[in-house]
Every structure is written in structure tokens, then in C-alpha cells.
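Residue numbers (the numbering used here), protein chains in the order written: chain A, 6 to 355; chain B, -18 to 326.
Before any comments, here is the structure.
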């Protein structure tokens, strides 16, 4: 197998990282049912190697079904990884591979890695008060009730909710306020890494701006590292320092956000960028669209070789048969394309 | 003067509930022209979907049209007030689907899961026109081909669940076009789709608009989509149009403080990454607890208590567009002069 090259193989460059994921695989095998044909294994994440810089924001982008949520969940061991390493370095600690830890050993890192979910309407228990919802992780770790109240009040103030409201139930809050509750719940344990899975997708424009500003303020104040999963490329450009582009379970491009947006190296990245709606009607007709034909491949039955080849305008014979290796490129990124060096792709106008 | 297709005048939609009347749409004015695309923008709760349902008389109970006119101009010059028609009257049923077609946000919930996509589209043709089944089928297949469904003949007999979101939305567009409507109302047609599919579907809608000569009323919350397709824009807030104008003018010089704030709060691709977004303070007020006067005054940065908290003006001429704000009322404009002078400094 053309092994995916680990990005940060050199220990010297690992200094500024807090997560170093190597060749991570998450496969789902449907249970064999009597009288039915065994269905194909879904390779939701298939050999992803990724470095997350400490204290910065890494965005994971791609169309729906490309495995970005599964990747985020696997890092928290919500979905069990099938193979690979999730190397994590706690604050002031040493590297540890989360993928192989047992439940007991993992417990001490559970507070370091937290998650913010997409939909604030389904991710809060309607029968729990805000205090119980936000304080849940603290109660679970045996903190006494009085201290929980103090810490919940503190974090509510930080995310812009009035601490007096902690005995209310979620229904009394609007969508934007609920998302603040979800953010507060993730941050109350003073985590290190926060996986934000489409954290602002369900919010209205004006509330989205508030939430994005809040996430940035909290990052500066609490020295958080974000893994920001999103399909909205203008939000990604706004908030992230690095970006990882996924397609059908594989990482196809990674690099500093500015570099990737200005000069994408993978045809898929370029096509994604060209599909972003323009920001002003004056640009109408001036932006060249590269329409992508066809649909995202079925992860249970992906095409051989490069998964993108049926939709790629540059595909050749080698693309149809061989999986492209992940190649480091100048500027600190990587790309998985056979032809990246020959192509000169269009990015965002600067 | 462009050719008017639909005029909404002072429309109100009320929902009587146990805790009071919710005014989902409250004195709305809207004008749609032939062969043009009008984008209705607003946050959730602004009443944009309610307006669409009211135009087609599809309001869910206990909602009802409490006042106002919806004037539909037929090609032969006859004008009907849709607000006066009974929801189940023959005339309304002819207009719904025949003259005005609608596309919804989530195509899976607006299609029958137990009928093939071909039958669903042919049924629509058979209901509205006197044609044979074979002819309806032939027309459906032609339409499928037109909206970019590969191998339309084979796809005629498949069910909605066998298609992806983008393909389903194409079927919806085919269904909407099947009776050559004059107006297509699209309620967030691309919100559930990926960016790549969104670009394709918007492109398709623009193509069929030119080809079939229809007007489009596109309801969206995404200013990117507006920039992409709109001719005219109408910005809604709490059941009212706060600003209406030509798309270039709205983007270049938004007049209403709400439009300005909305445009500033989206991350722009050409701005410096990581800059602070301008945020609108507070939340959209609850419909039970509307602020007095101008609905936006509780969050407005340019608010002056008198007159803003007292009353809300009509759509006023604000130069390039029309806005519902006292800043553009000659009687009050002087109040904002000192603030504007400050900004100029």
C-alpha cells in the first residue's frame, strides 16, 4: 500500500503541536443479517494523517459524507478508531496515543478534549436545567455542588449569559443563547482542545457573528485549540489558521489557510473554492466557475485509485488505478494528487 | 416601467394563540416584476416563509390572512386578489401550480415517498392540463432531461429516496416547471445542499428562468446567494419589509441600519482573516413581545427614542432604495445630522 506519509515525522517539528494524528482509520462494518448479502465496509475515515497546531484553529472542510464529523468524533473516541494513532500532548505533559488507551486511562484526558455540537436544539436535554447541563461534566468528576455553581456562574458570564438564569430550562432560551450554553458546557472543565462540529451552521447571520466573535475571544483567553469542522468556507477562512480538505474519507489537501485559499493544489479544493457564492453582485460573471459534475462517491463503494477521479477534469489513467500518496509541498502543507505539480489551479482572488 | 406580476400590499398574517396573537407578517409590501428575480432576505422569524405560504393560500391553521391584498396580474391584463380567494376554490387551485409554483427547502419532505418521481411530476401535468397520460410522461421525461437528471427515461420509475439531495431538488424544479408557471417561489432551495450542489442548482434556476421566461421569488438568509442571482432585494425583519431596492444598490449603499448591520456581520472572503465581525447586539425579539414603534429599534445603533420608539414609518425614498427608517423622512432627518457629521469626521 502506498502509505500515507506522516506529516510531522520529524520530532523537532512536533514542538508546536498538540495533536498528531497518523494514518487514522474509522471503518464501519454493517452487521451481517441472515438472508442478506454482507454489505460493504464504509470507510468513513481512511488513513488520515493530520497535525493540529497548539493554540490555533484547524478547520476540516469537505462536502457532506466526506468523513469530517467522523474524524472529529474519533479524536474524542466517540467513534472507535479501527487503526492508526491519535497522539495527543496535554498541557505540560508528554505525548500519549489516545487511540490505544483503555477507558480508565482515557478518563483523565476526557476533560482535555471537548466537543461542541451543531444543533443547539437537540444537544440539550429539555428536562435538565442550565446548571445541570453545563455542570454535568463536573458532577461526573465528583466536584461538589457549591463549587459547580461557582464555576458554572463563571463560565456563563464568560460566554455572555446571565448567571441568574442557571436554574432555567433550555426552552426559555433562543437558538443563539442555547449555542452559548453548549459552548459553556464544553468549556466549563477548562479543556485544551475543542472539536466544534458545524458549531455555527444552525444559527442566524447576526447570531453567527456573535458566536464566532465569542469563540475567538475564548480562544485567546483560555488558550484553546479548535478543530473546526465546517462546510462554510467563508467562515473557515475567517476563523482558521490551517485547513484540511477531506474527500470520501481521505485527506486530500492540508496547509495554512491563506496558502490553500490563494493557491489550492488539489483540483477538488479549487472546485470547492470556486463554488462559494460571491460576496457582491458587482463580481457577477467575473468569477470563473468550475462546476463539479456528479456527486460525492459512496464511501461504501468508492471508485478505485483517487476517489475524486470520476469528477476530476484532469484525471488520467494513473488516477483511475493508483491511490495518490500524500506529498509534502513547499509552504508547510501536503497534497494527495498525482498531478499537483503540473496543474496551476485557481484560488480565491486576493 | 417594468411589467408587474405580483403586488403584495399591506399584507398581515396573524396566528391567534392562547398567549396572544402572533403577527407573523405585519403590513408587508412587496412588488415582483416579470422575468426578474426578487430575493427576500431575513433571519428566522422574520416572516419570509409565511409570506410565501400566504401568497399560495397554504397557511397552516390557525394562521390566517388578517388584511391586505395580494394582486396577481394575469397575462391578459386581468388582476385577481389572491387574498380574497378561498383556499380550496377552483380558481386558487388553478393558480397554485398552474401560475405560481413553489420549491421547498427539504425536497425529501415535500415529495411522496411511495410514488415514483415520474408519476409525481406527470400527476401535476394531468391535474392542470387536458393531455393524455402518454403525453404527460413524455413531457416529464423531457423536463427531467432539461433539469440535468442523467438518463431521464430510466429515472422516471425510481423513488425519491434513491436520489441525492441535489438530484431531488432538480426533480422539484422539474415539477415546478411542468405547467409553465409565471412565478416560481423558492423557499431556501439550496440551504440543505453542499456548496458545489448549491452552485449547480442556482445556475440551473437562472437558466430555466431565461428559457421559460418566469419570475422567481427566492427566499433565503444567505447574502451570497442574493449577490449571485437577485435583481431586486427585499429585506425583512419581524414581519415587515425594512428595505427594498435593486441588488447593486443594496450591496453598495445599504440604507436601513438593519441591512447595513447584516451585511457587515458576514465574514467576507476579501477581508483580512480573523478580523472582528460587526455583531448586531441582542436577539430577534419574541413575536409576543415586539418593541413599540420600529421593530428594529431595540437593537438599532442609530436609534433616537423619539420618533423610533413611537412609530414606524412607511417605506420611504432613501435615494437608491426605499427604507422604513425615519432617517429618510425629511421631517425627522435633521435629528440624525449631528451623528452623521460625527461619522464624516
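Even glycine gets a Cβ: it sits at the ideal position worked out from N, Cα and C.
- Residue 39 of chain A and residue 45 of chain A have their alpha carbons spaced roughly 15 Å apart.
- The bridge partners DSSP lists for residue 77 of chain B are B:81.
- Restricted to the stretch 166 to 233 of chain B, the beta strand (DSSP E) segments that are unbroken, complete and at least 3 residues in length are 196 to 201, 213 to 218, 221 to 227, listed in chain order.
- Beta-carbon to beta-carbon, residue 253 of chain B and residue 165 of chain B are separated by about 39 Å, too far to satisfy the 8 Å threshold.
- For residue 121 of chain A, no alpha helix (DSSP H) run applies; the uninterrupted beta strand (DSSP E) run containing it begins and ends at 118 to 121, by DSSP.
- With a cutoff of 8 Å on beta-carbon distance, residue 111 of chain A and residue 82 of chain A are scored as near each other.
- With contacts defined as CB atoms closer than 8 Å, residue 245 of chain A and residue 22 of chain A fail to qualify as a contacting pair.
- At a cut-off of 8 Å between beta-carbon atoms, residue 264 of chain B makes contact with chain A.
- Assignment of alpha helix (DSSP H) within the stretch 67 to 116 of chain A, counting only whole runs of 4 or more residues, yields 73 to 80, 108 to 115 in chain order.
- For residue 116 of chain B, not one C-beta of chain A is nearer than 8 Å to its own C-beta.
- The contact set of residue 179 of chain A on chain B, defined by CB atoms closer than 9 Å, consists of 264, 265, 267 in chain order.
- Within 7 Å of the CB of residue 153 of chain A, no CB atom of chain B is found; the nearest one sits about 27 Å away.
- Selection A:229, A:49, A:240, A:299 evaluated against residue 119 of chain A yields A:229 as nearest (Cα-Cα).
- The Cβ of residue 254 of chain B sits closer than 8 Å to at least one Cβ of chain A.
- At least one C-beta of chain B is nearer than 8 Å to the C-beta of residue 294 of chain A.
- Sequence-distant partners of residue 88 of chain A (beyond 5 residues in either direction) whose C-beta falls short of 6 Å from its own C-beta, in its chain, are 30.
- Of all residues in the stretch 299 to 328 of chain A, only 300 come within less than 7 Å of chain B when Cβ atoms are compared, listed by chain position.
- Residues of the stretch 120 to 135 of chain A with a Cβ closer than 9 Å to any Cβ of chain B: none.
- If you ignore the 5 residues before and after residue 281 of chain A, its C-beta comes within less than 7 Å of the C-beta of 238, 239, all in its own chain and listed in chain order.
- Under DSSP, residue -3 of chain B takes part in a beta bridge, and its partners are B:2.
- The C-beta separation of residue 122 of chain B from residue 137 of chain B comes to about 6 Å, placing the pair in contact by the 8 Å criterion.
- A Cβ-Cβ contact shorter than 8 Å links residue 166 of chain A with residue 189 of chain A.
- If you ignore the 5 residues before and after residue 131 of chain A, its C-beta comes within less than 8 Å of the C-beta of 174, 175, 176, all in its own chain and listed in chain order.
- For the stretch 206 to 223 of chain A, the beta-carbon criterion of a distance under 8 Å to any beta-carbon of chain B is satisfied by 209, 210, 211, 212, 213, 214, 215, 217, 218, 221.
- Put simply, the stretch -14 to -7 of chain B does not touch the stretch 342 to 351 of chain A. Fewer than three CB pairs are less than 8 Å apart.
- Taking the C-beta atoms as reference points, residue 201 of chain A is found nearer than 8 Å to residue 121 of chain A.
- Comparing alpha-carbon positions, the option among B:60, B:-11, B:127, B:142 lying closest to residue 97 of chain B turns out to be B:142.
- Using a Cβ distance threshold of 8 Å, residue 159 of chain B and residue 124 of chain B count as a contacting pair.
- Non-local beta-carbon contacts of residue 312 of chain A in its own chain, meaning distances under 7 Å to residues more than five positions away in sequence, involve 252, 253, 255, 302 in chain order.
- Note that the C-beta distance between residue 263 of chain B and residue 280 of chain B is below 8 Å.
- For residue 342 of chain A against residue 271 of chain A, the beta-carbon gap comes to about 5 Å, under 8 Å, which counts as contact.
- Secondary structure note for residue 32 of chain A: its beta strand (DSSP E) is the uninterrupted segment 22 to 33.
- Within chain B, no C-beta atom comes nearer than 8 Å to that of residue 225 of chain A; the closest sits roughly 11 Å away.
- Going by DSSP, residue 219 of chain A is part of the alpha helix (DSSP H) stretching over 210 to 227.
- Residue 125 of chain B has no beta-bridge partner at all, per DSSP.
- Linking residue 179 of chain A to residue 265 of chain B through their CA atoms gives a straight-line distance of about 9 Å.
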